[in-house]
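Just below is one structure, and these are the notes that go with it.
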Amino acid sequence: MSENTKQVVELLGEHGQQGVAVVSGGGKIAFAADQGSLLPIYLTSMRQRFKNEINRLTSGRAMFEMLASREDAIELSFPMSYLYAWFWLRHNVHTNYIPQVLETFRGKKFGFLMDLLLSDTPEQFIEGYIQYFQSANDGLKQQVELLSLLKSRNNNAQKLAEDMLSIWQSFGLFTESYMKQFKQVASDERDRYKGMLGEEDLERLALVDALPDSDFTIEKPFYSKLGIIPAMGCPQTCRHCMFTWRPLRGKNENPEQIFNLVNQHTDSVLFTGGDLTKQLDYFYDAIRTMGNIKNFAILLNGDFAETPKITNEIMGKMAEAVKSRPKKWPKAMVLLQISFDEFHQEVYVDKKGLLAERIPVAKIANIVERYPKYSAQIQLALLHKQTGLNFSHDVLNKGVVARLAAELKKRGLQMQVVDMKASPRLKANPLAPQEKEKVLKDITFVLDKHSNAPILLTSSTIDGYGRAALLDEWETVKEKDLLQEVVTQGAPSGESFDIDMMVWFNGWVTLFNAVHICLGDIYKDGFDTIMARQRKDPLSHALNKMDRNILAFYSEIRDDLTQHIETATGPHHLFHALTEEPEVRLHLTRRLIENN
8 MSENTKQVVE LLGEHGQQGV AVVSGGGKIA FAADQGSLLP IYLTSMRQRF
58 KNEINRLTSG RAMFEMLASR EDAIELSFPM SYLYAWFWLR HNVHTNYIPQ
108 VLETFRGKKF GFLMDLLLSD TPEQFIEGYI QYFQSANDGL KQQVELLSLL
158 KSRNNNAQKL AEDMLSIWQS FGLFTESYMK QFKQVASDER DRYKGMLGEE
208 DLERLALVDA LPDSDFTIEK PFYSKLGIIP AMGCPQTCRH CMFTWRPLRG
258 KNENPEQIFN LVNQHTDSVL FTGGDLTKQL DYFYDAIRTM GNIKNFAILL
308 NGDFAETPKI TNEIMGKMAE AVKSRPKKWP KAMVLLQISF DEFHQEVYVD
358 KKGLLAERIP VAKIANIVER YPKYSAQIQL ALLHKQTGLN FSHDVLNKGV
408 VARLAAELKK RGLQMQVVDM KASPRLKANP LAPQEKEKVL KDITFVLDKH
458 SNAPILLTSS TIDGYGRAAL LDEWETVKEK DLLQEVVTQG APSGESFDID
508 MMVWFNGWVT LFNAVHICLG DIYKDGFDTI MARQRKDPLS HALNKMDRNI
558 LAFYSEIRDD LTQHIETATG PHHLFHALTE EPEVRLHLTR RLIENN
């Protein structure tokens with residue numbers, strides 16, 4: 008019996024499970040037989056996360072910066088970094104797996120720290136740390152620093168321990184579990200949506216309606232794309248999700264009316280809203296009935312691909328819907344976008360202490376394997392979130408892409424990269440923030456047996472709101488340099504905030520990059536009125552240009568602009584955050600009208 012299998016058997020015995028575990032947030036089943044294959048993935052991921060966090064605190068000087076106001080910041084940085092690590096481990100790693108995560112870090116120099124990190128309480132950790140360096144004679148500079156800390160307290164070890172614990176408590180970190188934090192994020196988002204088309208929004212829209220329409224002669228405005236949101240929801244609980252609250256469905260939804268209106272004003276449509284697996288019938292209907300549309304994009308998380316048979320059925324229905332369109336209509340294509348990254352495919356520990364794969368790589372492999380059969384009607388694109396791996400070929404050789412390649416290899420298929428494109432701008436590597444490089448952004452690959460069916464893998468950054476605000480600092484690529492350029496000089500050529508319209512089945516019409524900004528209710532106001540608002544709305548157009556007047560006008564009504572700029576992961580995140588409150592949106596609209 009392998010060591011991994013032995014550990015799994017022991018774990019199952021400890022928890023008394025009989026072969027299966029319900030995965031929280033997805034309602035899927037992880038069989039006990041899968042535990043052995045998931046364990047190395049989980050341990051590798053958590054070890055890397057632990058290592059990166061320690062590096063950020065120590066060599067990255069994050070802990071020193073947290074202690075910068077203290078005279079003994081240098082001496083405290085190392086022990087406080089590992090006290091932080093004690094809490095980090097219990098916040099992020101299931102208790103059953105902490106010893107295994109730490110095992111590979113038992114080097115000669117700091118192996119004793121791994122033992123201390125297994126202490127039952129932070130007090131025990133601190134006491135053990137102090138005692139070790141009081142008696143050690145290995146000449147480490149950490150011992151010199153510890154003795155200095157003791158000397159400044161008259162060699163009172165208890166006083167030093169109390170001070171360290173007090174300092175830690177002043178940070179206010181890891182005081183709530185992820186689930187409690189997630190609930191608060193969802194509550195905050197729900198409160199934000201409560202203001203949608205409330206008193207202040209209606210007053211704002213009245214101001215917009217009163218403005219002259221310079222393009223009133225246009226009979227049928229045409230848009231490069233429009234979005235359709237049948238519903239906002241997803242059964243998963245991914246750590247990076249930016250949209251966590253699920254608005255109620257409308258009582259008088261009319262999808263046919265939505266399709267008809269959108270069909271008149273664009274030839275490209277995106278179906279989105281979390282995961283739309285339960286709304287796929289609407290997508291098939293849209294393909295069959297929207298005669299002017301050439302590009303039908305849909306975003307799914309891949310969870311539908313439970314088996315090869317089910318995958319064939321769903322992709323087959325998309326292809327059949329395309330083929331069923333009258334020949335006199337423009338030729339149409341489906342862009343099937345599947346979320347695929349280190350977060351959607353994360354291996355985690357469920358409520359019963361067993362390992363689970365959020366959306367199994369095997370499901371994505373089902374989609375990739377069956378895609379060539381339908382490539383005449385469907386273009387497959389895997390949507391990937393940028394991490395430190397994107398700065399080299401590691402994005403292909405490690406992490407989730409490597410797991411997909413391994414799964415396909417089991418099926419006798421090989422991924423072959425045919426094209427790679429880097430981002431046009433340099434970005435900061437989150438694992439080495441001082442290093443600025445281009446990321447591998449767009450990759451095209453084929454399966455060796457299907458060279459005429461290219462598959463796209465395109466990556467983008469994560470804006471730090473919703474659950475994404477809780478990610479560790481180094482986990483994702485940020486746009487801090489672009490943010491500073493926008494704030495100090497304005498948006499560079501080619502950078503904009505997307506204000507194309509998203510039409511919800513419940514009647515809302517919102518903006519692509521800001522679903523909290525609503526232009527009205529399509530059923531009550533009519534699409535003509537809403538299109539006129541989009542043409543005239545000074546706030547929408549200021550956002551589109553990332554107009555710095557928004558920053559100045561925001562500061563007239565709120566005093567936290569500097570804080571928003573410091574915490575924003577990029578310009579899109581910043582402008583999203585500045586416009587979340589209805590009162591602020593109203594003020595900004597008034598001031599932009601006055602300024603014009």
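So the mapping is simple: the numbering used here equals the position in the sequence shown, first residue as 1, plus 7. Positions of the beta carbon are idealized from the N, C-alpha and C atoms, including for glycine. A quick note: this is a predicted structure, and the numbers were derived from the prediction, not measured.
| Query | Result |
| --- | --- |
| First and last residue of the uninterrupted alpha helix (DSSP H) at W93 | 80-99 |
| Cα-Cα separation between M239 and D282, rounded to whole angstroms | 8 Å |
| Assumed close pair F560, L595 - CB separation to whole angstroms, cut-off 8 Å | 5 Å |
| Where F117 falls: helix, strand or coil (DSSP) | coil |
| CB of E260 within 8 Å of CB of N513, strictly | yes |
| Local conformation of I305 per DSSP, three classes | strand |
| Rounded separation between D127 and R97 - CA only | 10 Å |
| Under the three-state DSSP convention, the category F189 falls into | helix |
| Supposed contact pair L204 and D507 - C-beta distance, whole angstroms, cut 8 Å | About 20 Å separates the two Cβ atoms, so there is no contact after all. |
| Endpoints, the alpha helix (DSSP H) within which L581 is located | 578-585 |
| Residue burial classification, T483 (beta-carbon count within 10 angstroms, cutoff 16) | buried |
| Cβ-based neighbour list, R592, same chain, cut-off 8 Å, excluding 5 preceding and 5 following | E207, D208, R211, I524, L546, T586 |
| Own chain, CB closer than 8 Å to R418, minus 5 neighbours either side, in chain order | A372, E376 |
| Beta-carbon proximity of E152 to F71, cut-off 8 Å | no |
| Inter-residue Cα distance where the pair is S159 and L50 | 41 Å |
| Sequence-distant residues of its chain with Cβ nearer than 7 Å to A584 (five each side left out) | Y472, H571, A575 |
| Buried/exposed call for F348, threshold 16 Cβ in 10 Å | Reading off the sequence, residue 348 comes out as Asp, not Phe. With 16 or more other Cβ atoms within 10 Å, it is buried. |
| Rounded Cβ spacing between M53 and V108 (contact assumed at less than 8 Å) | 5 Å |
| Option in T536, N603, T111 with minimal Cα separation from N556 | N603 |
| Rounded C-alpha distance that separates D420 from N103 | According to the sequence provided, residue 420 is Leu. The question's Asp does not apply to it. Distance between the alpha carbons of L420 and N103: 36 Å. |
| Nearest neighbour of M87, chosen from K334, G577, A69 [CA to CA] | A69 |
| DSSP-derived helix/strand/coil call for Q441 | strand |
| Euclidean distance between Cα positions of P578 and F398 | 21 Å |
| Three-way DSSP call (helix, strand, coil) for H523 in this model | strand |
| Neighbour-count burial assignment, K334, 16 or more Cβ in a 10 Å radius | exposed |
| CB of H247 within 8 Å of CB of R474, strictly | yes |
| Of the listed residues P499, K359, E588, nearest to R565 (C-alpha basis) | E588 |
| Strand pairing of H391, partner residues [DSSP] | S466 |
| Classification of R598 by the beta-carbon crowding that lies within 10 angstroms, buried from 16 upward | buried |
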